[in-house]
Amino acid sequence: MGRVDGKVALITGGAMGMGESHSLLLAREGAKVVVTDIDNEAGEATAQQIRDEGGDALFIHHDVASEEQWQSVIDQAVEAYGKVDILINNAGIVILKPNEETTVEDWDITMAVNSTGVFLGCKTVVPAMEKAGGGSIVNISSIYGIIGAPNAAAYQASKGAVRMLTKSCAVDYAQFNIRVNSIHPGVIRTPILGDMVNDEAAIKQALATTILERMAEPIEVSYAVLLLASDESSYMTGSELVVDGGYTTV
Amino acid sequence: MGRLEGKIAVITGGADGMGASHCRLFSQQGARLLVTDRREEPGQKIVDEIVAGGGEAIFVGQDVANEDDWKKVAAATMEHYGKADILINNAAIASFKSARDATLDEWNLIMDVCAKSIFLGCKIMLPAMQAAGGGSIVNISSISGIAGMPTQAAYQAGKGAVRLLSKSIAVDYAKYNIRCNSVHPGAVRTRGTSRVMQDPGFLDAMLTSTILGRVAEPIELSYPVLFLASDESSFVNGAEVIVDGGYTTK
Numbered sequence: 040m041g042r043v044d045g046k047v048a049l050i051t052g053g054a055m056g057m058g059e060s061h062s063l064l065l066a067r068e069g070a071k072v073v074v075t076d077i078d079n080e081a082g083e084a085t086a087q088q089i090r091d092e093g094g095d096a097l098f099i100h101h102d103v104a105s106e107e108q109w110q111s112v113i114d115q116a117v118e119a120y121g122k123v124d125i126l127i128n129n130a131g132i133v134i135l136k137p138n139e140e141t142t143v144e145d146w147d148i149t150m151a152v153n154s155t156g157v158f159l160g161c162k163t164v165v166p167a168m169e170k171a172g173g174g175s176i177v178n179i180s181s182i183y184g185i186i187g188a189p190n191a192a193a194y195q196a197s198k199g200a201v202r203m204l205t206k207s208c209a210v211d212y213a214q215f216n217i218r219v220n221s222i223h224p225g226v227i228r229t230p231i232l233g234d235m236v237n238d239e240a241a242i243k244q245a246l247a248t249t250i251l252e253r254m255a256e257p258i259e260v261s262y263a264v265l266l267l268a269s270d271e272s273s274y275m276t277g278s279e280l281v282v283d284g285g286y287t288t289v
Numbered sequence: 011m012g013r014l015e016g017k018i019a020v021i022t023g024g025a026d027g028m029g030a031s032h033c034r035l036f037s038q039q040g041a042r043l044l045v046t047d048r049r050e051e052p053g054q055k056i057v058d059e060i061v062a063g064g065g066e067a068i069f070v071g072q073d074v075a076n077e078d079d080w081k082k083v084a085a086a087t088m089e090h091y092g093k094a095d096i097l098i099n100n101a102a103i104a105s106f107k108s109a110r111d112a113t114l115d116e117w118n119l120i121m122d123v124c125a126k127s128i129f130l131g132c133k134i135m136l137p138a139m140q141a142a143g144g145g146s147i148v149n150i151s152s153i154s155g156i157a158g159m160p161t162q163a164a165y166q167a168g169k170g171a172v173r174l175l176s177k178s179i180a181v182d183y184a185k186y187n188i189r190c191n192s193v194h195p196g197a198v199r200t201r202g203t204s205r206v207m208q209d210p211g212f213l214d215a216m217l218t219s220t221i222l223g224r225v226a227e228p229i230e231l232s233y234p235v236l237f238l239a240s241d242e243s244s245f246v247n248g249a250e251v252i253v254d255g256g257y258t259t260k
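One line per chain: the protein sequences are B and Z, in this order. Under the numbering used here, read the first sequence as residues 40 to 289, first letter to last. Under the numbering used here, read the second sequence as residues 11 to 260, first letter to last.
Structure representation (structure tokens):
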């Protein structure tokens, strides 16, 4: 008996890293999964792996900054599975620059993907969740949406926006029986870190304030996503779940 | 396969309410329990119920504010199980008075049972948790440890102490491979809260600020506690998990 049996979950940025891990775990716990991403090949591979494991999954190409594409994704999800119970707004990008070097283009693209993408998801998904009688939205913010860090001006602003947008939606969507919470991962071993994973000095700096003194594997965030996505968190809404090995504790 | 298979869990205040709910869920998930409470008869009843259902549990009478009682619990844990993987510091008492009206005796009692008890538990149970090679401590604070409330001066201070003591333990016990997190329930239907819930003014005030507009059942707290107790939260340390139906969001 899976913990999200019978539910339909839509995961943005599901091709790689944490999104891939969330997709696989939710599928293993019984959900039908709609994987979306701009990377068709890797996204299709995630969906295929779920099907190979005996699950039910569908990949849809998706630029989360596009309102049109959001509408199309939701329509296709409802056509395939009849409803959406769970939305994991996971897709994000990182541009690491100090504020004075951040261009307006850097700012715009970061806000478009990380913040507007979440806004559009929360906006577009409501009718599909009403078909499910309610649901759970999990927005992936970051510890960078909570505390200051060097060279991440646009990224911090975008993740701070997600943090408060989540609370706004929690207030407004209770009437639809939709819960909305945010997750704040710390340093996780994913492709978004790029070459940093091999840069010992950079890793050491990033982990300097992480109590557990290590990076997390994506699955360690996926279980937190599963808690919030499932009915096990039925009394949680508007909450921030920090999964950072203690980074923000010190 | 249970999510706490092979684990030993010590749960204080397990006789009823949230503590009893944690005991039942933990046992269902494969943990073997040491249940403590000041009230021996209902505490023993929970243990009997778990054993009758095929689980394993023992009861130890305990005043959590008493250091010698904690030593007794630690000794019983080692004698029966040889280790403790999980410590749920759940026992507490509440009092509803402003600082002006609370006596020093009332203050001392609340601080002892809500805060000193957890200091003692984290201190005295350490060797048993080291015998397990590490583990997880979950301290039950409250939304009263986060947001201002009317006429709860001592209780708020006690729960605020728990909130930051948890972070201190998270920092200091990482070297023992022990994680420590706090849970912050909102309005929950328990024996302890039943009297105050009958006060329509109190309940109305609580629910007006609670986005979900209802009181939680104890099981809705037990699942987040289970998450923190289990290895599924392996990268969560020093975190505050708020389970309040959105009370502190608004």
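Glycine residues also receive a C-beta, built at the ideal position from the N, C-alpha and C atoms.
- Taking every protein chain shown into account, the CB of residue 169 (chain Z) has 16 or more other CB atoms within 10 angstroms, so this residue is buried.
- Contact annotation for residue 260 (chain Z) against chain B: 206, 209, 210 and 277 [CB-CB distance below 9 Å, chain order].
- For residue 252 (chain Z), the nearest CB of chain B lies under 7 Å from its own CB, placing it at the interface with that chain.
- Under the rule that a run must span 3 or more residues, the beta strand (DSSP E) segments found entirely inside the stretch 140 to 183 of chain Z read 145 to 150.
- The stretch 75 to 84 of chain Z makes contact with the stretch 124 to 140 of chain Z, as at least three CB pairs between them are under 8 Å.
- In this model, residue 180 (chain B) and residue 262 (chain B) are separated by some 16 Å (Cα to Cα).
- In terms of beta-carbon proximity, residue 255 (chain B) lines the interface with chain Z, with at least one pair separated by less than 7 Å.
- Residue contact with chain Z for residue 259 (chain B): present (Cβ-Cβ distance below 7 Å to some residue of chain Z).
- When 8 Å is used as the limit between beta carbons, residue 234 (chain Z) is near these residues of chain B: 266, 271, 272 and 275, in chain order.
- Counting along the chain, the unbroken beta strand (DSSP E) around residue 279 (chain B) starts and ends at 279 to 282.
- The three-state reading of DSSP puts residue 98 (chain B) in strand, counting E and B together.
- Under DSSP, residue 219 (chain B) takes part in a beta bridge, and its partners are B:176.
- If you look at residue 136 (chain B), you'll find it isn't in any alpha helix (DSSP H); DSSP assigns it neither H nor E.
- A buried status is given to residue 171 (chain B), since no fewer than 16 other beta-carbon atoms sit within 10 Å of its beta-carbon.
- The three-state reading of DSSP puts residue 67 (chain Z) in strand, counting E and B together.
- The beta-carbon of residue 250 (chain B) is placed less than 7 Å from the nearest beta-carbon of chain Z.
- Inclusion of residue 57 (chain B) and residue 230 (chain B) in the CB contact set at 7 Å is not warranted, their separation being larger than that value.
- By alpha-carbon distance to residue 67 (chain Z), the top candidate from Z:85, Z:87, Z:51 and Z:44 is Z:44.
- In the structure shown, the three-state DSSP call for residue 42 (chain Z) is strand.
- When Cβ-Cβ separations below 7 Å define contact, residue 230 (chain Z) makes contact with chain B.
- Across the structure, residue 157 (chain Z) and residue 165 (chain Z) are spaced so that their CA atoms are roughly 12 Å apart.
- The continuous beta strand (DSSP E) containing residue 195 (chain Z) extends over residues 188 to 195.
- Going by beta carbons, residue 185 (chain Z) and residue 95 (chain Z) fall outside the 7 Å limit.
- Taking a contact to require three or more Cβ pairs closer than 8 Å, the stretch 59 to 70 of chain B and the stretch 260 to 276 of chain B qualify as touching.
- For residue 288 (chain B), the residues of chain Z that pass the 8 Å Cβ criterion are 177, 180, 181, 247, 248 and 249, in the order they occur in the chain.
- Counting only residues of its own chain and dropping the five nearest sequence neighbours on each side, residue 79 (chain B) has a CB closer than 7 Å to the CB of 100.
- For the C-beta of residue 263 (chain B), the chain Z residues within less than 9 Å are, from N- to C-terminus, 237, 242, 243, 245 and 246.
- Counting C-beta pairs with one atom in each stretch, the stretch 142 to 157 of chain Z and the stretch 174 to 194 of chain Z have three or more that are closer than 8 Å, which means they touch.
- Around residue 221 (chain Z), the beta-carbon contacts reaching into chain B at under 7 Å are 209, 210, 213, 276 and 277.
- The beta carbon of residue 150 (chain B) sits closer than 8 Å to the beta carbons of 193, 196, 197 and 200 from its chain, once the five residues preceding and following it are set aside; these are given in chain order.
- The residues 128, 178, 201 and 204, in chain order, have a CB closer than 7 Å to that of residue 157 (chain B) in the same chain once the five nearest residues on each side in sequence are set aside.
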